[in-house]
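Enquirer: Just so we're aligned, residue 135 is where the sequence shown starts under this note's numbering, counting upward by one. Here's a structure for you.
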Amino acid sequence: MRKMTEKSLSEAFAGESMAHMKYLIFSEVAESEGFPNVARLFKAIAYAEFVHAKNHARNLDYIKKTPENLQAGIEGENFEVTEMYPAYNAIAELQEEKGAKVSIHYALEAERIHEQLYGIAKESVLSGKDLEITDIYICPVCGYTYSGKTPPEKCPVCNVSKDRFVKF
Ligand code: FE2
Ligand code: FE2
Ligand code: FE2
């Protein structure tokens, strides 16, 4: 692909990805404010933005087979853990931005686990087997990720009760 096209498609991918996330969040807000149909509209259009992002990703050659996709996941999470979030945290520290520090801390703690889980998944897939996994729980407050049978009583990162964890 020629450079200018690649650059614009990559920006379109980023924009569609952001729109997807924003609409999912707006959908939660509309639901909690008692507008279920508005929530549904946000969710549906979020899905359309996902489709647009996926089409751009396909043209950008971002999509491979699962072992390579897991490797991309490992590298992305590792970058967040070792470079991106520590650097962002230093900026937030310097500028005394408390809220940003909290959301950066929440993300950093979960990304470590994501990297590990992708690593285990990759080994499994490379040996020709699906991941042997029981349940996956996500903390709805901080994104803490637990895989196994018995999640901790409280989130080790933000202290929320395990009853609120979302199970996958
Ligand atoms: Fe779109
Ligand atoms: Fe992550
Ligand atoms: Fe949490």
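We put the CB at the ideal spot given by N, CA and C, even for glycine. Since we're looking at a predicted model, the values are computed, not measured.
Taking 7 angstroms as the cut-off, is the C-beta of Glu227 nearer than that to any heavy atom in ligand 2?
Expert: To locate residue 227, count along the sequence shown from 1; it is residue 93. Checking every heavy atom of ligand 2 against the Cβ of Glu227, none is found closer than 7 angstroms.
Enquirer: To the nearest angstrom, how far is it from the Cα of Val236 to the Cα of Glu230?
Expert: Residue numbering aside, residue 236 sits at position 102 when the sequence shown is read from its first letter. Residue numbering aside, residue 230 sits at position 96 when the sequence shown is read from its first letter. Looking at the two C-alpha atoms, the distance is approximately 11 angstroms.
Enquirer: Please return the same chain residues whose Cβ sits closer than 6 angstroms to the Cβ of Ala153, not counting the five positions on each side in sequence.
Expert: Indexing the sequence shown from 1 puts residue 153 at position 19. These residues qualify, in order along the chain: Glu183.
Enquirer: Go through the region 145-223 residue by residue and report every complete run of the alpha helix (DSSP H) that reaches 4 residues or more, in order.
Expert: Taking only runs of at least 4 residues, the alpha helix (DSSP H) segments lying wholly in the region 145-223 are 170-193 and 200-213.
Enquirer: Can you name, in chain order, every residue of its own chain whose Cβ lies under 6 angstroms from the Cβ of Tyr278, other than the five neighbours on each side?
Expert: For the purposes of this step, residue 278 is taken as the residue at position 144 of the sequence shown. Answer for Tyr278: Ala244, Cys289 and Val291, listed in chain order.
Enquirer: I want to know whether the region 135-145 touches the region 154-174 - three or more CB-CB distances under 8 angstroms.
Expert: Short answer: they don't touch.
Enquirer: Determine the contact status of Arg246 and Val215, defining contact as a CB-CB distance below 8 angstroms.
Expert: Within the sequence shown, residue 246 is the residue found at index 112, counting from 1. Within the sequence shown, residue 215 is the residue found at index 81, counting from 1. Result yes, Cβ atoms of Arg246 and Val215 sit closer than 8 angstroms.
Enquirer: Using a threshold of 7 angstroms, is the CB atom of Val294 nearer than that to any non-hydrogen atom of ligand 3?
Expert: Translated into positions along the sequence shown, residue 294 becomes position 160. Yes, since a heavy atom of ligand 3 falls inside the 7 angstroms radius drawn around the Cβ of Val294.
Enquirer: Could you give the distance in angstroms between the alpha-carbon of Ala164 and the alpha-carbon of Asp297?
Expert: As a working mapping, residue 164 is identified with position 30 in the sequence shown. As a working mapping, residue 297 is identified with position 163 in the sequence shown. Ala164 and Asp297: Cα-Cα distance of roughly 23 angstroms.
Enquirer: In whole angstroms, give me the CA-to-CA distance for Pro286 and Asn193.
Expert: As a position in the sequence shown, residue 286 is number 152, starting the count at 1. As a position in the sequence shown, residue 193 is number 59, starting the count at 1. The straight-line gap from Cα to Cα measures roughly 42 angstroms.
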